[in-house]
Structures are given as C-alpha cells and as structure tokens.
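Peer 1: Handing you a structure now.
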Amino acid sequence: MEALANCAVLNTTDSLKLSITNHLRFTLGAYIETASENDWYVATSLAVRDRVMERATQSRRQHRAQGVRRVHYLSLEYLMGRLLENNLRNAGIYDTAKQALSEMGKDLDALVQKEPDMGLGNGGLGRLAACFMDSLSTMDLPAIGYGIHYEFGLFRQEFVNGKQVEHPDAWMRDGSPWKIARPSYRQTVHLYGQVIQKFDEFGQPHHEWMDTKCLLGLPWDIPIVGYDSNTVNVLRLWQAQADEDFNFKVFNEGSYIEALREKAIAETVSKVLYPNDATESGKELRLVQQYFFVACSLADIVRRFKGGYTLPWSEFPSKAAVQLNDTHPAVAIPELMRILVDEEKLEWSQAWDICQKTFSYTNHTLLPEALETWSVALFERVLPRHLQIIYEINRRFLEGDVEARWPGDGEKKRHLSLIEESGGKKVRMAHLSVLGSHATNGVAALHTRLLCERLFPEFFELYPDRFLNLTNGVTFRRWLDVCNPELSSLITESIGSGWLKDSSKLIQLDRFADDASFREKFHAIKRGHKVRLAKIIQDSCGVSVSPDALFDVQIKRLHEYKRQHLNLLHIVSLYRKIIANPNLDITPRVFIFGAKAAPGYYLAKNIIHAINAVAAKVNHDPRVDGRLKVIYIPNYGVSIAERIIPAADLSEQISTAGKEASGTGNMKLALNGALTIGTLDGANVEILEEVGPENIFIFGLTVEEVTELNARGYNPWDYYNASEELRLSIDWLASDYFTGNQDEFKPLRDSLLSHGDPFLVMADYDKYAASQAEVDKAYRDQAHWQKMAIHNTARVGKFSSDRTILEYAKNVWKLPQVQV
Ligand code: GPW
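Below you can see the structure in the form of structure tokens.
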C-alpha cells in the first residue's frame with residue numbers, strides 16, 4: 001500500500017515537473033531558460049527512468065527472494081527503436097508527463113522525436129526480440145535479455161542518384177539516458193590459445209585452456225517497462241573492453257603504443273552490428289562477437305546461480321532457462337559444457353543432461369544460405385576447447401542415438417553429423433542447437449511443418465517431441481497504442497481498455513464493422529495518418545502525394561525472396577498501361593517502399609536503384625497525371641515504421657511460398673487496418689485463417705506447387721515468352737529509358753531470366769497482377785473496404801506477442817507468472 005502511495009505521489013504533475021527540472025539543473029547543469037530540446041528530452045527520460053528503476057530493483061529482489069526460474073533470452077540483435085514514449089505509455093504516465101511539460105512550455109510530442117532509434121538489429125529477428133522483452137515484463141515473467149552493446153547499430157541509409165549509400169549509426173554518441181553501467185558485474189572472457197591435456201595425482205585426465213587472450217565485458221542495463229504491470233525486467237548488453245592486467249604488462253615492457261593498439265583492437269568486438277539479414281557471413285570478428293556475449297551472459301547466469309542459493313548443479317535448469325534466438329548464440333551449448341566439465345568437474349553425461357534441460361532453440365529460417373556454419377579451422381583457432389567439446393558431443397551422438405536407431409547407416413550419420421564434411425569441414429550450428437536443447441520451435445505453423453519435414457527430417461524422426469510451433473507475435477502497445485493512439489482510443493471507447501493486455505478481447509470490435517458511424521471514425525483516423533505521412537514524404541522525398549490515393553506499402557529488408565522486384569514489375573506495367581491509354585480508369589495509388597539492403601548484397605542494391613529510377617520517371621511524368629506515385633522512403637527503421645504502418649491501406653506480403661519463416665510486419669499492418677495482398681507463406685496463412693478469405697487478397701503458388709514446379713524444371717523464359725505484358729515490362733525496365741544506361745539493370749533482368757529466377761517472380765507474376773486488379777476494384781467501394789479493414793483489426797488478436805510469450809512460458813520454459 002505504501003509503495004503504491006509512493007508511486008501515486010511520484011507520478012503527479014508537480015512531482016514530475018520537479019524531477020525534470022532537477023535533472024536539468026543538477027544532472028545536466030543546464031539553465032531551464034536556455035536548455036536545448038535535447039536537454040529536455042534527456043531530463044524527461046531521466047525523470048521517467050528514476051521511477052522505473054525503483055520497480056526494476058523491486059522486481060529483481062522479489063524474483064531472487066522467491067527463487068523462481070528465470071528465462072534468459074540470448075540474442076545478437078535487439079531493434080528497440082525509441083524508448084521514451086513507449087515507457088511513458090506503458091507506465092501509465094504519458095498524460096501526466098504531457099501536462100507537466102506543457103506547464104513548463106514544452107511539447108512532449110516534439111521532445112519524443114529527439115530520441116535516436118536504438119537500432120541494434122537488422123530486421124524481423126531483432127524486432128521480435130524487442131517485442132518479446134515488452135511482453136515478458138507485461139506478462140509478469142521473470143526474464144533477462146542478453147545482447148551486445150554495439151557502439152554502432154544498423155547503418156543509416158541514404159540515396160545518392162537513386163543508389164544506396166551507407167553511413168555509420170552513432171546512436172549513442174551523446175550517451176543514452178536509458179542505460180546504466182554495472183561495473184561490479186564485469187566479466188572476463190578468454191579466446192584463442194591452446195588446450196593441454198593434464199593429469200591429476202590419481203592419473204585422471206582433464207583439459208586446460210591456456211595462453212588465451214582476454215577480453216572484459218562491461219554490462220549496461222536497460223530497464224524494460226511492461227504495460228500496466230509492476231514488473232521491470234532488464235536488457236543487459238555487454239560492451240567489450242581491454243583487459244587492464246594484460247595492458248599493464250605491456251606498459252611495463254615499454255610498449256605504450258602497442259598496448260593502446262591492443263586496447264583498440266579489443267574494443268572492436270562490440271563496435272558494430274553486422275548488417276546482414278538472414279545471410280550467414282563466416283567472419284572471424286562475428287564468431288568472436290558471438291562467443292564474447294555468450295560467455296559473459298553464461299558467466300552472469302552462473303554467478304547468480306551460485307550466489308543466490310547453495311543448490312546442487314542438477315538444480316541449475318530449475319532456476320535458469322536459456323532461449324537461443326536462432327543459432328547466433330549457439331556457442332552457448334559448448335560453453336556451458338566447458339564450464340560444467342572443465343571448471344565445475346561434473347561428469348560429461350550429467351553436464352550434457354543439464355545443458356539439454358537448460359537450452360531451447362528458435363529457428364527463424366529455412367533458407368540454406370542463412371544456415372550458419374563455421375569453418376572448423378577458424379573455430380579451432382578462436383575456440384580450441386569448444387571445438388573439442390563439439391567433436392565429443394558429435395561422437396557420442398553418432399555412436400549412441402544414431403547408431404541405435406539406424407545401425408551401420410553411414411548416409412544417416414552424414415546427414416545428422418554436427419560436422420559437414422564436404423567442401424572444407426564445417427560446424428553446423430543448427431544441428432548443434434537442436435541436439436543441445438530440449439525444444440526447437442519454428443515461428444509460424446507452416447514454417448514449423450517445413451522445419452520438421454524438410455530441414456531436420458532425421459532429427460524429427462529421432463526426437464519428435466522436441467519440435468513445436470510458436471507463431472510469432474508483436475506487441476500491441478508499440479504497434480497500436482503508441483504508433484496509433486487515435487485508433488487505440490477509439491477501440492478503448494468502443495470495447496474498454498482490456499484489449500491492451502488481453503488481445504483476445506479485440507474481437508469485440510468485429511461487430512462495429514457494420515456500424516456506419518464507427519466506420520466513419522475509423523476511416524477518419526486512417527486518413528489523418530495518411531495526411532501526416534504525406535507530409536513526411538514531401539519532406540524526405542520532395543514528392544507530393546494525395547491522402548485519398550490507395551497507400552500500398554512494402555516495408556521490410558530488401559531481399560530477393562521477399563520479391564520487391566515483383567511489386568516493381570507490376571508498377572512498370574501499370575505505368576505502361578497509363579501511357580498507352582491516357583484515360584485509363586485506375587484507382588490512384590501511392591506505392592511506398594522502405595528497405596535497407598545488406599551493403600554487400602549486389603542484386604538487392606540493384607533492385608533499390610531500379611525502384612528509385614522508376615519512381616523518378618513516374619512521379620514526374622505529366623501523362624501519369626498523379627494516378628501513380630512511387631515513393632522510396634530512405635533509412636527505413638522502427639520509428640519511421642511507426643509512421644507508415646498506421647497510414648497503410650494495403651500490406652504487401654509477397655514472398656515466394658516457403659521462404660518467409662513468419663513475417664511480423666504483416667501482423668502490424670493488419671492490426672492497423674491495412675488489407676494484406678499476400679502469398680500462402682509464413683504467418684500469412686494464419687492471418688488468412690483469422691480474418692477470413694473475404695478480407696484478404698491471397699494469390700500465387702503454394703509451397704507444394706513451388707516444389708512441384710522446381711522438380712518439373714522451372715524455366716522463367718516460358719513465362720517471358722507467354723506474356724506480352726510481362727515481357728515488355730522487363731525489357732522496358734532493362735532498357736536505357738529509366739537511367740540513360742541500358743546496362744544499369746541488366747543484373748536484375750539476368751537474375752529473372754538467364755540466372756533462372758530462383759524465387760519464381762515470373763511464375764507468380766500473372767496471379768499477382770490479377771490480385772492487384774481485385775484490390776483496385778475493391779478500393780472503389782469505400783464502405784466495404786472500411787468494413788474489411790475493421791475486420792482485420794478486430795480479428796488479429798492472435799498475433800499479440802503476449803500470446804506467443806505465454807506459450808513459450810508454458811510449453812518451453814515452464815515459467816511462473818510472478819506479480820511484483
Ligand atoms: F536467418 N529473420 C531475420 F533466420 O530477420 F536468422 N533475420 C535473420 O537473420 C533470420 C531470420 C535468420 C526473420 C525471418 O526472416 C522472418 O520471417 C521472421 O518473421 C523473423 O525473423 C522473426 O522470427
């Protein structure tokens with residue numbers, strides 16, 4: 001009661017005002033009269049942080065006192081975006097803060113925009129981790145997120161003559177009010193060196209890892225505020241530092257410059273996020289990053305286990321669950337084995353049992369080029385002891401369970417082995433992850449089925465009970481309440497506020513689709529967001545667009561399998577039709593793209609250039625007369641997504657069937673009342689199930705049809721030759737018309753034709769164009785379109801990350817909910 005009363009006092013307008021001005025004066029040393037906007041942003045954030053830290057400490061204390069099991073989420077990426085507004089709304093003090101600032105002559109909504117995005121991730125996988133952190137706190141689950149404190153997040157994208165140029169993202173150049181250093185929890189990590197076998201006085205062998213290089217890991221904590229909950233978990237990010245002792249030695253030998261050079265090298269480990277999405281890269285620094293943060297995190301977990309209670313090691317899994325976000329942290333499996341066997345002197349079989357009970361693994365892709373493998377030679381150099389451990393795990397597996405199930409079957413052993421033998425030996429991190437954990441999940445029903453049938457068929461045969469589906473979700477706080485407060489209020493006025501914490505309640509909105517006055521309000525909100533986005537487009541692209549046109553949105557990483565080029569070919573074909581027929585009656589549309597390409601992904605960059613080149617022509621061609629606009633919003637990321645998503649009418653989810661594990665943008669857009677045009681891929685299948693076939697535009701080859709077509713022998717030229725529309729669109733795009741250079745888009749054309757069109761753009765083109773024609777027709781009946789849009793919002797409650805996280809807690813982690 002007293003705590004509550006304290007909170008109430010802390011959360012008044014006056015107390016917030018005092019807190020903010022105190023931070024301005026005493027923390028920042030600024031005068032109220034002359035403080036910069038940034039000072040105000042920092043002071044406000046610190047005032048909020050003060051209130052949140054109290055709850056973080058309480059949460060930790062209570063979790064420790066009750067000795068509850070915790071989940072430790074290990075992820076190389078967290079795409080957090082901005083934190084101030086989210087924290088204010090989740091903590092329920094947004095209105096109070098707005099009032100407090102306004103009484104001091106400041107506009108909260110402007111301050112909020114001062115915050116740089118925390119973009120420590122590439123795309124879906126990193127944003128999923130951020131949504132999960134929000135849901136874990138909101139659902140009162142004891143959790144810690146572990147990751148890397150990258151000095152530079154995902155690069156900032158700029159277009160120069162329509163081509164992508166990358167710039168460093170110095171997101172914390174001015175510091176960040178949200179992170180707190182925890183020097184007392186610093187960890188030491190060993191790398192490189194050699195392994196020596198030694199014997200004790202009883203002649204028993206053990207392994208010593210010697211002559212290693214040392215790195216220090218300094219943890220930074222970011223509090224994670226749940227919605228309407230007192231639980232505040234933390235995200236703990238490790239920063240790499242040089243080991244001081246090592247440096248002192250070199251100093252003493254007189255190599256001052258050399259010592260500082262070593263220090264700079266040590267610090268590169270947490271310097272920058274690798275900008276590849278769903279492609280493996282194989283670089284030494286990346287392996288070092290993975291091991292560095294895994295070793296720090298496991299040491300932190302072990303420290304807590306040993307410090308809190310004096311329990312036998314067999315109880316470790318009852319206190320700690322560790323979730324591997326894809327294979328990026330999979331080196332945690334041999335690392336825990338090393339700790340248990342080499343340091344804690346456990347028997348191998350007991351250590352292995354603890355490992356399997358502790359870990360669980362989420363797979364996020366079926367794409368062969370994204371499955372991580374590490375060359376054995378590199379692995380041996382960086383982590384010699386871990387390679388030995390992996391070999392021993394593999395030997396016991398192949399001689400044990402595999403031999404028992406398929407005696408003498410060399411083929412099965414080759415398939416299942418942790419080591420790929422063909423073409424230079426490699427460690428298969430996905431196999432290691434399945435073997436070293438008790439649960440492997442896919443991220444959508446279709447994806448999980450294909451995981452079992454195609455990616456891990458033999459593992460599935462051996463251990464069917466280890467596999468399960470956990471369909472992804474998104475937090476409705478950020479992706480509706482924060483980014484679309486107008487719609488959030490309308491929903492709350494109509495059905496109460498319970499939906500924010502229990503998304504199954506959203507379905508109560510369904511009947512409002514038939515209420516004309518509700519539809520009008522719903523539409524007015526959408527239009528308001530379109531007006532606001534039109535202004536952003538004007539400012540960032542210099543193009544004016546009508547808020548009455550259909551806003552057709554494709555926002556996601558640029559990748560061939562996501563098929564932005566399918567969308568582009570259709571745009572080129574509409575452009576041709578308009579020119580051929582000046583009176584063509586089509587629904588005016590604004591095609592909106594947002595996507596970064598990995599800096600080394602040549603074809604993706606060619607596609608970006610092609611979209612920009614087409615945009616430049618279409619937007620300035622008087623014959624088009626505003627019926628078509630093509631907009632490529634630069635530097636797509638979380639914050640701009642929060643502006644685009646509420647303004648979208650149509651959501652493009654057009655990946656080749658079987659390639660997109662789930663997708664999560666599809667969920668955010670549907671939630672905000674955009675209709676989906678999509679293939680039967682990833683979570684689209686489940687969105688179709690929820691919203692009903694009459695409220696979505698589904699087209700294209702199914703997974704089975706894709707398989708069959710490829711087996712038959714797919715030839716993109718057949719489609720090129722059969723369709724004049726498609727042929728002319730491709731040839732026009734690849735001509736000199738758009739850039740003055742006829743070779744500019746030859747790579748794109750070649751990929752679709754002479755290089756075999758690996759993602760079946762040509763095969764799906766006609767069905768896509770036909771589906772787009774349906775969209776064109778449907779949008780003309782606005783009353784009906786609004787009905788469909790409302791059904792989308794009302795029926796996608798399933799896709800809340802709260803539901804996902806509760807499924808993980810129940811089916812994988814066995815975690816209790818703990819009220820703080
Ligand atoms: F390759 N995803 C991603 F599986 O954003 F590791 N980055 C990645 O590196 C990988 C997957 C990886 C995405 C999937 O492509 C997307 O379909 C899914 O919705 C998302 O992860 C979250 O599960």
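In full-length UniProt numbering, the protein residues as written are 1 to 820.
For glycine and all other residues, C-beta sits at the position ideal for the given N, C-alpha and C.
From the DSSP output, which residues share a beta bridge with H559?
Peer 2: Taking the first residue of the sequence shown as 1, we reach residue 559 at position 559. Partner(s): none; H559 has no beta bridge.
Peer 1: Taking all protein chains shown into account, decide if E283 is buried (16 or more other Cβ within 10 angstroms of its Cβ) or exposed.
Peer 2: Residue 283 sits at position 283 when you count from the first residue of the sequence shown. Before going on, a small fix: residue 283 reads as Lys here, not Glu. Under this definition K283 is an exposed residue.
Peer 1: Which residues share a DSSP beta bridge with M210?
Peer 2: For the purposes of this step, residue 210 is taken as residue 210 along the sequence shown, with counting starting at 1. Paired residue(s): Q194.
Peer 1: Can you round the beta-carbon distance between H431 and L366 to whole angstroms, since I take them to be within the 8 Å contact cut?
Peer 2: As a working note, residue 431 is residue 431 in the sequence shown. As a working note, residue 366 is residue 366 in the sequence shown. Their Cβ separation, rounded to whole angstroms, is 15 Å, which puts H431 and L366 out of contact at 8 Å.
Peer 1: Could you tell me the distance, in whole angstroms, from the CA atom of I640 to the CA atom of R385?
Peer 2: Locating residue 640 in the sequence shown gives position 640, where the first residue counts as 1. Locating residue 385 in the sequence shown gives position 385, where the first residue counts as 1. Straight-line Cα distance between these residues: approximately 45 Å.
Peer 1: Could you give the distance in angstroms between the alpha-carbon of S754 and the alpha-carbon of P275?
Peer 2: Sequence index remark: in the sequence shown, residue 754 carries index 754 (1-based). Sequence index remark: in the sequence shown, residue 275 carries index 275 (1-based). Using only the alpha carbons, I get a separation of about 29 Å.
Peer 1: Only counting the same chain, and skipping five residues up and downstream in sequence, which positions put a Cβ closer than 7 Å to that of L24?
Peer 2: Within the sequence shown, residue 24 is the residue found at index 24, counting from 1. Cβ neighbours of L24 beyond the five flanking positions: A30, I32, A35, D39, A43.
Peer 1: Cα separation between F379 and V427?
Peer 2: On the sequence shown, residue 379 is found 379 positions in, with the first residue counted as 1. On the sequence shown, residue 427 is found 427 positions in, with the first residue counted as 1. Their Cα atoms are separated by approximately 8 Å.
Peer 1: Taking 7 Å as the cut-off, is the C-beta of V443 nearer than that to any heavy atom in the ligand GPW?
Peer 2: For this step, residue 443 is matched to residue 443 along the sequence shown. Yes, the Cβ of V443 comes within 7 Å of a heavy atom of the ligand GPW.
Peer 1: Using a threshold of 8 Å, state whether the C-beta atoms of R477 and P223 are closer than that.
Peer 2: Counting from one through the sequence shown, the residue named residue 477 turns up at place 477. Counting from one through the sequence shown, the residue named residue 223 turns up at place 223. Going by C-beta atoms, R477 is not nearer than 8 Å to P223.
Peer 1: With DSSP as the reference, identify every bridge partner of L311, one or two as the case may be.
Peer 2: Residue mapping note: residue 311 aligns to position 311 of the sequence shown, counting from 1. Paired residues: none, contrary to the question.
Peer 1: Looking at the strands, I want to know which residues DSSP matches up with F159.
Peer 2: Reading the sequence shown from its first residue, position 159 is the one you call residue 159. Answer by DSSP bridge pairing, in chain order: Q164.
Peer 1: I'd like the list of long-range same chain contacts for T279, defined as Cβ closer than 7 Å, with 5 residues on each side in sequence excluded.
Peer 2: Start at 1 with the first residue of the sequence shown, and residue 279 comes out as number 279. Around T279: E369, A370, A598.
Peer 1: With the cut-off set at 8 Å, would you say G175 and L237 are in Cβ contact?
Peer 2: In the sequence shown, the residue the question calls residue 175 occupies position 175. In the sequence shown, the residue the question calls residue 237 occupies position 237. Cβ atoms of G175 and L237: not closer than 8 Å.
Peer 1: Excluding five sequence neighbours on each side, which residues of the same chain lie with their C-beta closer than 6 Å to the C-beta of N606?
Peer 2: Taking the first residue of the sequence shown as position 1, residue 606 is located at position 606. Cβ neighbours of N606 beyond the five flanking positions: P747, L748.
Peer 1: Is N161 near the ligand GPW, with its Cβ less than 7 Å from a heavy atom?
Peer 2: Locating residue 161 in the sequence shown gives position 161, counting from the first residue. Because no heavy atom of the ligand GPW lies under 7 Å away, the Cβ of N161 does not count as near it: no.
Peer 1: In whole angstroms, what is the alpha-carbon distance linking A181 and H149?
Peer 2: To locate residue 181, count along the sequence shown from 1; it is residue 181. To locate residue 149, count along the sequence shown from 1; it is residue 149. Distance between the alpha carbons of A181 and H149: 11 Å.
Peer 1: Classify E258: buried if its beta carbon has 16 or more other beta carbons within 10 angstroms, exposed otherwise.
Peer 2: The residue labelled residue 258 in the question sits at position 258 within the sequence shown. With fewer than 16 Cβ atoms within 10 Å of its Cβ, E258 is classed as exposed.
Peer 1: Quick one: Cα of K263 to Cα of D243, how far?
Peer 2: Within the sequence shown, numbered from 1, the residue matching residue 263 stands at position 263. Within the sequence shown, numbered from 1, the residue matching residue 243 stands at position 243. Straight-line Cα distance between these residues: approximately 8 Å.
Peer 1: Give the range of the alpha helix (DSSP H) segment to which F397 is assigned.
Peer 2: Residue mapping note: residue 397 aligns to position 397 of the sequence shown, counting from 1. Segment 384 to 397, the alpha helix (DSSP H) holding F397.
Peer 1: Would you mind reading off the limits of the alpha helix (DSSP H) that contains M337?
Peer 2: In the sequence shown, counting from the first residue as 1, residue 337 sits at position 337. Segment 332 to 338, the alpha helix (DSSP H) holding M337.
Peer 1: Name the residue from R173, H207, T212 whose alpha carbon lies nearest to the alpha carbon of V189.
Peer 2: Indexing the sequence shown from 1 puts residue 189 at position 189. When each option's Cα is compared against that of V189, the closest is T212.
Peer 1: How many angstroms separate the CA atom of A5 from the CA atom of N11?
Peer 2: In the sequence shown, the residue the question calls residue 5 occupies position 5. In the sequence shown, the residue the question calls residue 11 occupies position 11. Low local confidence applies: a pLDDT of 38 at A5 is under 50, so the model's placement there is unreliable, with the coordinate-based value given in what follows. Distance between the alpha carbons of A5 and N11: 10 Å.
Peer 1: On a Cα-Cα basis, can you pick out the residue from G528, E372, T362, L136 that is closest to N325?
Peer 2: Here residue 325 is taken as the residue at index 325 of the sequence shown, counted from 1. If we check each option's Cα against that of N325, T362 comes out closest.
Peer 1: If you draw a straight line from the alpha carbon of E2 to that of R61, how long is it in whole angstroms?
Peer 2: Locating residue 2 in the sequence shown gives position 2, counting from the first residue. Locating residue 61 in the sequence shown gives position 61, counting from the first residue. Residue placement at E2 cannot be trusted, given a pLDDT of 37 that sits under 50; what the coordinates show is reported in the next sentence. So the alpha carbons of these two residues sit roughly 17 Å apart.
Peer 1: For A143, which residues does DSSP report across the bridge?
Peer 2: On the sequence shown, residue 143 is found 143 positions in, with the first residue counted as 1. Bridge partners of A143: V71.
Peer 1: Just to confirm my understanding: we take A445, look at its own chain, exclude 5 residues before and 5 after, and list those with CB closer than 7 Å. What are they?
Peer 2: Indexing the sequence shown from 1 puts residue 445 at position 445. Around A445: N469, T471, V685, E686.
Peer 1: Check whether the Cβ of L451 sits closer than 7 Å to any heavy atom of the ligand GPW, and report yes or no.
Peer 2: Translated into positions along the sequence shown, residue 451 becomes position 451. No, the ligand GPW has no heavy atom inside 7 Å of this Cβ.
Peer 1: When DSSP labels each residue in this structure, what does T57 get in the three-state scheme?
Peer 2: Residue numbering aside, residue 57 sits at position 57 when the sequence shown is read from its first letter. Helix at T57.
Peer 1: For the ligand GPW, which residues count as neighbours when the test is a C-beta closer than 6 Å to any heavy atom?
Peer 2: So the residues near the ligand GPW by this Cβ test are N122, G123, G124, L125, L128, D277, A278, D326, H364, T365, A370, V443, N472, E660, A661, S662, G663, T664, G682.
Peer 1: Return the chain-ordered list of same chain residues with a C-beta closer than 7 Å to the C-beta of K412, the five sequence neighbours on each side being excluded.
Peer 2: Locating residue 412 in the sequence shown gives position 412, counting from the first residue. Closer than 7 Å at Cβ, skipping near neighbours: V402, W406, E458.
Peer 1: Since R89 contacts D481 with CB under 8 Å, what's their CB separation in whole angstroms?
Peer 2: Translated into positions along the sequence shown, residue 89 becomes position 89. Translated into positions along the sequence shown, residue 481 becomes position 481. Contact flag correct, Cβ pair sits at about 6 Å.
Peer 1: DSSP beta-bridge partners for V474?
Peer 2: By one-based count along the sequence shown, residue 474 stands at place 474. Paired residue(s): S800.
Peer 1: Just to confirm the assignment, what range does the alpha helix (DSSP H) spanning R186 have?
Peer 2: Against the sequence shown, residue 186 aligns to sequence position 186. Taken as a continuous stretch (DSSP letters only), R186 belongs to no alpha helix (DSSP H), as it is neither H nor E.
Peer 1: Name the two residues that bound the continuous alpha helix (DSSP H) containing F316.
Peer 2: Walking along the sequence shown from the start, residue 316 turns up at place 316. First-last of the alpha helix (DSSP H) with F316: 316 to 319.
Peer 1: Can you find the residues in the same chain that come closer than 7 Å, C-beta to C-beta, to L752, ignoring five residues on each side of it along the sequence?
Peer 2: Counting from 1 along the sequence shown, the entry for residue 752 is found at position 752. Contacts found: P716, I730, V761, M762.
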